[in-house]
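Asker:
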Amino acid sequence: MRTLVMDIETTDLRADIGGLIVSCFGELDGNGKIRQLNTQTIDKIGKGTVAQREKLLVQWTRAQWESGDIVIGQNHVGFDRHFINGVLFRHNLPLLQPRILIDTYQTAKGQLAMSASMSNMVDIMGIGSKDAPKKEDWRLANHGDKQALDRITKRCESDVRLTAEMWNRLKPIYMQRYGR
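Position in the sequence shown (from 1) plus 650 gives the number in the working numbering.
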């Protein structure tokens with residue numbers, strides 16, 4: 651079974667207002683390490699208007715998602731999946747096909763009496779720290795600034811790597827809870 655770890659970056663928390671700007675997937679090997687990282691951004695996906703490039707990006711994202719049997723993410727059951735589907739819907743495209751979804755946020759939240767935010771979890775686990783771009787980076791990226799988009803892309807890729815590490819630590823808790 652092909653296992654992917656994923657993250658997206660957006661311009662807003664609502665797909666009817668915001669847009670998809672970065673999408674990253676990492677394929678896990680048999681030892682839980684990222685074998686390959688695949689990232690795509692709205693500024694590098696192709697030419698055309700912002701809407702045309704977002705459509706290409708969400709199509710690429712759907713293809714990546716559907717190439718995996720298992721998709722792991724941090725709060726992707728509650729946010730990423732719905733945001734991607736909202737963008738697909740807005741572009742009149744088919745929604746994501748079901749996959750086995752594992753959410754590190756839900757796994758930690760459901761079993762540990764602590765904040766399940768990525769910042770807190772990676773700190774407690776001692777596996778690094780959450781990348782936190784400045785608010786100005788977000789504002790500029792939302793307007794297509796190349797340097798700012800590169801900065802947000804770096805954050806997205808870091809989040810995928812950290813989510814993979816969190817999954818390796820949370821896997822026994824998940825297996826005990828869900829028996830898979």
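Ideal placement from N, C-alpha and C gives every residue a C-beta, glycine not left out.
By how many angstroms is the C-alpha of Ala763 removed from the C-alpha of Leu687?
Answerer: Looking at the two C-alpha atoms, the distance is approximately 32 Å.
Asker: From which residue to which residue does the alpha helix (DSSP H) around Asn888 run?
Answerer: Only positions 651 to 830 of the chain appear in the structure, and residue 888 is not among them; the question remains open.
Asker: Give me the residue from Thr653, Ile823, Met825 and Gly669 with the minimum Cα distance to His741.
Answerer: For the residues Thr653, Ile823, Met825 and Gly669, the minimum Cα distance to His741 belongs to Gly669.
Asker: Quick one: residues in its chain with C-beta nearer than 7 Å to the C-beta of Ala798, no 5 flanking neighbours on either side, listed in chain order?
Answerer: Around Ala798: Asp787, Leu790 and Ala791.
Asker: Taking the beta carbon of Lys697 as the centre, do at least 16 other beta carbons fall within 10 Å, making it buried, or is it exposed?
Answerer: With fewer than 16 Cβ atoms within 10 Å of its Cβ, Lys697 is classed as exposed.
Asker: Throw me the rounded Cβ distance for the Thr689 and Cys806 pair, which I believe falls under 8 Å.
Answerer: Sure, about 7 Å apart at Cβ, within 8 Å.
Asker: For Arg749 versus Asp719, is the C-beta distance shorter than 8 Å?
Answerer: Taking 8 Å as the Cβ cut-off, Arg749 and Asp719 qualify as a contacting pair.
Asker: Out of Phe675, Arg827 and Val708, which one is the CA nearest neighbour of Val737?
Answerer: Checked all of Phe675, Arg827 and Val708; the closest Cα to Val737 is Val708.
Asker: Which whole-angstrom value describes the C-beta separation of Ile695 and Leu706, a residue pair presumed to lie in contact below a C-beta threshold of 8 Å?
Answerer: With a Cβ gap of about 5 Å, Ile695 and Leu706 count as contacting.
Asker: Determine the contact status of Thr691 and Ile671, defining contact as a CB-CB distance below 8 Å.
Answerer: In contact: Thr691 and Ile671 (Cβ atoms closer than 8 Å).
Asker: Provide the residue span of the alpha helix (DSSP H) that contains Leu820, from first to last.
Answerer: Here the alpha helix (DSSP H) through Leu820 covers Lys796 to Tyr828.
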